[in-house]
Amino acid sequence: MLRDLDQPSSTLYERRRLYAAVLQQLLFEPLAGRSVLDYGCGLGEWGVLMATEGARVALLDLSSVAVQIGLRRAAASGVADRVRGCARDAADLSCFADGEFDLIYANAALHHTLKYPNALAELVRVLRPGGKLLLAETYGNNRLLNWLRRARWWLSRQPDEAGEEIILGDRELDLLRTCFHHVEARPMNLFAMAKRLFRGRFQSPLVRGSLRFLESVDDRLLRRIPSLRRFCGEILVVAEK
Ligand SMILES: C[S@@+](CC[C@H](N)C(=O)[O-])C[C@H]1O[C@@H](n2cnc3c(N)ncnc32)[C@H](O)[C@@H]1O
């Protein structure tokens, strides 16, 4: 996965800074023997990655097809014995016991589920006291970025149920602070969010050079004016219960 982050042809490339921060955090966690939930797992890449580091992983997704693909990925990676699947709505995690997980990782998933009553309470319930929640999300305090995102959704005619109307912002972070005793937010990418305009064109050296330039502008600006961080477009959240 680390190698893929640097491949312009990879779908991970666009979010490589966010995912590099996630990987650094995940690999910093003692995963071996830990019980981990990949929440809204999609095709299970992250869950299987954690299983290859020795974690016992539950893949959870509303889509049973996604969970099946995740399980096949686990088998192909030789970690089937450490990975189980659970296809259901995250608003009802009754298949899991209270405090069952040491770590819950949700990549681009919580913004889909937060709107359902009970979803956050269920997520908190299945995490053990002292356990961690890791979120990699789009960050939504920047009105200009939100307006552009909405314009894109509208132009690409995404269905309402795609869940894109909720973006994690400071209001949602405050909500998390009511359930977790420590919430650390690490926003990233301000001008570098212009990368969205270059989707599918990262193989061009000019595009990559421009992106690196914007990233270095962000680095300097955000170091000098940390209050601008709340207008960034992506965020890694580490919350401890
Ligand atoms: C943007 S995808 C992210 C997938 C994956 N985490 C990844 O990194 O590729 C969001 C996922 O959340 C799942 N999802 C949406 N609503 C859900 C719900 N109510 N309960 C469980 N999963 C849900 C979708 O099926 C989808 O796989």
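Oh and the sequence shown: position 58 is 57 in numbering that gives the first Met the number 0, straight run, nothing missing. Backbone N, C-alpha and C define an ideal beta-carbon position, used for all residues, glycine too.
Per DSSP, Leu143 is one residue of the alpha helix (DSSP H) stretching across Arg142 to Leu154.
Here Thr112 has Ala89 and Ala118 as same chain residues with Cβ atoms under 6 Å from its own Cβ, once five neighbours each way along the sequence are excluded. In this structure, Phe95 keeps its C-beta atom at 9 Å or more from the C-beta atom of Ala50.
Relative to ligand 1, the nearest heavy atom lies less than 8 Å away from the CB of His111.
If you draw a straight line from the Cα of Asp97 to the Cα of Val123, it is about 9 Å long. With a threshold of 8 Å, the Cβ atom of Asp169 does not count as near ligand 1, since no heavy atom of the ligand is closer than that. With a cutoff of 8 Å, Trp152 does not count as near ligand 1, since its C-beta is closer than that to no heavy atom of the ligand. For Ala54, the three-state secondary structure derived from DSSP is coil. A straight line joining the alpha-carbon of Thr137 with that of Leu167 spans about 6 Å. Between the C-alpha atoms of Glu13 and Phe179 there is a straight-line separation of about 30 Å. For Pro116, the three-state secondary structure derived from DSSP is coil. By the neighbour-count definition (other C-beta atoms within 10 Å, threshold 16), Gly69 is a buried residue.
For the options Glu44, Trp45 and Ala31, the alpha carbon positioned closest to that of Ala54 is the one of Ala31.
Counting the other Cβ atoms within 10 Å of the Cβ of Trp45 gives 16 or more, which makes it buried.
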